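Chemist: Here the sequence shown stands for residues -7 to 349, where the numbers follow our numbering.
Glycine residues also receive a C-beta, built at the ideal position from the N, C-alpha and C atoms.
No experiment lies behind these values; they were computed from the predicted model shown.
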Amino acid sequence: MAKIDNILLKTKFRGSMLGSLVGDCLGGPFEGDEFTHGIINTVQKCFDKLDGPYFKSPYRSYSDDTVMTKGTAQTLIDKPAVDYKYMAQLYVQEYFKEPKRGYGHNVVETFKKLKHTNFVDIYLPAKEQFNGTGSFGNGGAMRISPIALYFHNNYAGMVEAAKKSTEITHTHLLGINGALLQCIAVHQSLQADPKVSLDVYKFLADLDEKMKQIEDRNVPSRNSDEDPFPYKTQLQMIKQLLQADKPDDPIRIEEIIGVLGNTVNALYSVPTAIYCFLKAHTGFPEVKCDNIFRRAIQYACAMGGDTDTIASMAGAITGAYYGEEIISENLVKHCEDHKDILKLADQLFDASQAHTG
Ligand code: AR6
Ligand code: MG
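(1) Counting Cβ pairs closer than 8 Å, one from the region 0 to 20 and one from the region 138 to 145, do we hit at least three?
(2) How should Arg209 be labelled, buried or exposed, when 16 other C-beta atoms within 10 angstroms of its C-beta is the threshold for buried?
(3) For Asn257, which beta-bridge partners are listed by DSSP?
(4) If you count every other CB in all the chains shown that lies within 10 Å of the CB of Asp332, and 16 or more means buried, which is it?
(5) Fully enclosed by the region 269 to 335, which alpha helix (DSSP H) runs are 4 residues long or longer?
(6) Would you say the beta carbon of Val256 is closer than 8 Å to some non-hydrogen atom of the ligand MG?
(7) Could you tell me whether any non-hydrogen atom of the ligand AR6 is closer than 8 Å to the CB of Tyr223?
(8) By DSSP, does Arg135 sit in helix, in strand, or in coil?
(9) Report whether the distance from the Cβ of Tyr95 to the nearest heavy atom of the ligand AR6 is below 8 Å.
(10) Could you check how far apart the C-beta atoms of Thr310 and Gly11 are, in whole angstroms? I think they sit under 8 Å.
(11) Give me whichever residues DSSP pairs with Arg52 in a beta bridge.
(12) Run the Cβ filter for me: residues under 5 Å from any heavy atom of the ligand MG, listed in the order they occur in the chain.
(13) Can we say the region 257 to 274 touches the region 289 to 309, given the rule of at least three CB pairs closer than 8 Å?
(14) Between which two residues does the alpha helix (DSSP H) containing Thr102 stretch?
(15) If I measure Cβ to Cβ from Leu259 and keep anything under 8 Å in the same chain, skipping five residues before and after, which residues do I get?
(16) Check Ala184 in the structure and name its three-state DSSP category.
(17) Given a cut-off of 9 Å on the beta-carbon distance, is the pair Arg18 and His273 in contact?
(18) Cα-Cα, which of His29, Asp300, Arg6, Val14 is closest to Glu278?
(19) Beta-carbon within less than 6 Å of Arg6's beta-carbon, same chain only, minus the 5 sequence neighbours each way: which residues are those?
(20) Between Ile206 and Asp217, what straight-line distance do the alpha-carbon atoms span, to the nearest angstrom?
(21) Inspect the CB distances between the region 169 to 189 and the region 83 to 98 and report whether three or more fall short of 8 Å.
(22) Look at the alpha carbon of Ala118 and the alpha carbon of Leu199, and state the distance between them as a whole number of angstroms.
(23) If you reduce the DSSP assignment to three classes, tell me which class Lys4 lands in.
(24) What runs of the beta strand (DSSP E), each 3 residues or longer, lie entirely inside the region 49 to 93?
(25) Would the region 31 to 47 count as touching the region 67 to 81 if we require 3 or more Cβ pairs under 8 Å?
(26) Give the straight-line distance between the Cα atoms of Ile249 and Gln235, rounded to the nearest whole angstrom.
(27) Report buried or exposed for Gln183, applying the criterion of at least 16 other Cβ atoms within 10 angstroms of its Cβ.
(28) Leaving aside the five residues before and after Ile302 along the sequence, list all residues of the same chain whose C-beta is less than 6 Å from its C-beta, in chain order.
(29) Label Ser181 either buried or exposed according to how many other C-beta atoms from any shown protein chain fall within 10 Å of its C-beta, with 16 as the threshold for buried.
(30) Taking 8 Å as the cut-off, is the C-beta of Asp57 nearer than that to any heavy atom in the ligand AR6?
(31) Assign His330 to buried or exposed, taking buried as 16 or more other Cβ atoms, counted over all protein chains shown, within 10 Å of its Cβ.
(32) How would you label Gln232, buried or exposed, when you count the other beta carbons within 10 angstroms and need 16 or more for buried?
(33) Can you say whether Asp191 is buried or exposed, counting buried as having 16 or more other CB atoms within 10 angstroms of its CB?
(34) With distances taken Cα to Cα, identify the nearest neighbour of Asp(-3) among His164, Asp185, Ala346.
(35) Where do the ends of the alpha helix (DSSP H) carrying Thr34 lie?
(36) Cβ atoms of Thr64 and Ile139: under 9 Å apart, would you say?
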């Protein structure tokens, strides 16, 4: 599409950063919940209350998703040529400042090793995780959106930066490619004209094409008994689930969870976030709300499991598509440091303008 103007681009930066924060904060209370049909009503009532005009509390705090997203953005702002050691230092520094922000169980070992080895090799501790296989958690994907924003007009640069920043903590191919998929989804949203209604199948086909290129390169390093294109397979599943939908469908959230997943595993959470974004456009029978952004994150919460991270990733994609205006102020005011995240989004916008001209 034609180059988008800077006013629109700036609101998309703000929408993506804010969307990520709101998904994290509002998804937090449901994290780890097992899906039951009861949770659908609980989540609906909770969002109705939060979105209502006269309800000022509660204040929802953010988790490691936002801490690390802020770390990614701050690195790009402070170090325009991208200094990965600096990025690693920020991640570690913030972990030790506030270790109880809900970090993954194993990633903290990487942080401790990085600190104790004085960051001499920022990639070694992550490579040693899980007996040398590396982590396939969604921790790389959850913090990647600022890279898509910063490199909005440099796709190759974005892919390289997304990979290098993920490898600070996640070196398993599924962890890296999950982060790449989330990054590409945010990037695609950023390029889109929000006034043109989203063609969900075109969006998916574009993602599929880009993941083909990425997973093609990995084929030689995979075992012959593994699916060589696991993310492409999941994108195909999203397409099938969308095609099978009928407007008056009964509740089928269990089927979606069974196919796409709701766990901390990147392969079973990044495609789920993309599904939440896409399906929000046609509506979920399980979610009663007109706003596309709220629909996407509310559905992610109703699925249970890793709700904060899946809602945060869905929020980053949806916010990048529509800009800040799509996000209800009533929801935003319940979220910790929402004003600071917008300041950071503006600084990231300025940094990207200075870097790319
Ligand atoms: N083999 C077996 N289990 C694994 C492997 C592997 N190679 N990789 C990951 N796991 P971690 P994250 C499992 O610690 O990705 C927080 O809520 C293992 O059970 O690298 O940074 C965040 O908000 C491990 O403990 O963390 C994210 O939502 C878990 O995956 C989420 O956790 C997470 O991997 C993941 O954060
Ligand atoms: Mg999480």
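Modeler: Based on what the coordinates show:
(1) yes
(2) exposed
(3) Gly129
(4) exposed
(5) 284 to 294, 299 to 314, 321 to 324
(6) Yes, since a heavy atom of the ligand MG falls inside the 8 Å radius drawn around the Cβ of Val256.
(7) no
(8) helix
(9) Because some heavy atom of the ligand AR6 lies under 8 Å away, the Cβ of Tyr95 counts as near it: yes.
(10) 6 Å
(11) Arg52 pairs with Cys327.
(12) Asp298, Asp300, Thr301
(13) yes
(14) 99 to 108
(15) Phe128, Leu166, Gly170, Pro222, Tyr223, Gln226, Gly253
(16) In this structure, Ala184 counts as coil in the three-state DSSP scheme.
(17) The sequence given here has Leu at residue 18, not Arg. Going by C-beta atoms, Leu18 is not nearer than 9 Å to His273.
(18) His29
(19) Glu316, Leu334, Ala337
(20) 19 Å
(21) no
(22) If I take the Cα positions, the gap works out to 27 Å.
(23) It is helical.
(24) none
(25) No: the two stretches stay apart, fewer than three of their Cβ pairs being nearer than 8 Å.
(26) 17 Å
(27) That one is buried.
(28) Ser261, Thr264, Ala265, Ala292
(29) Classification of Ser181: buried, given that the 10 Å Cβ count is 16 or more.
(30) yes
(31) buried
(32) exposed
(33) exposed
(34) Asp185
(35) Segment 29 to 43, the alpha helix (DSSP H) holding Thr34.
(36) Result yes, Cβ atoms of Ile139 and Thr64 sit closer than 9 Å.
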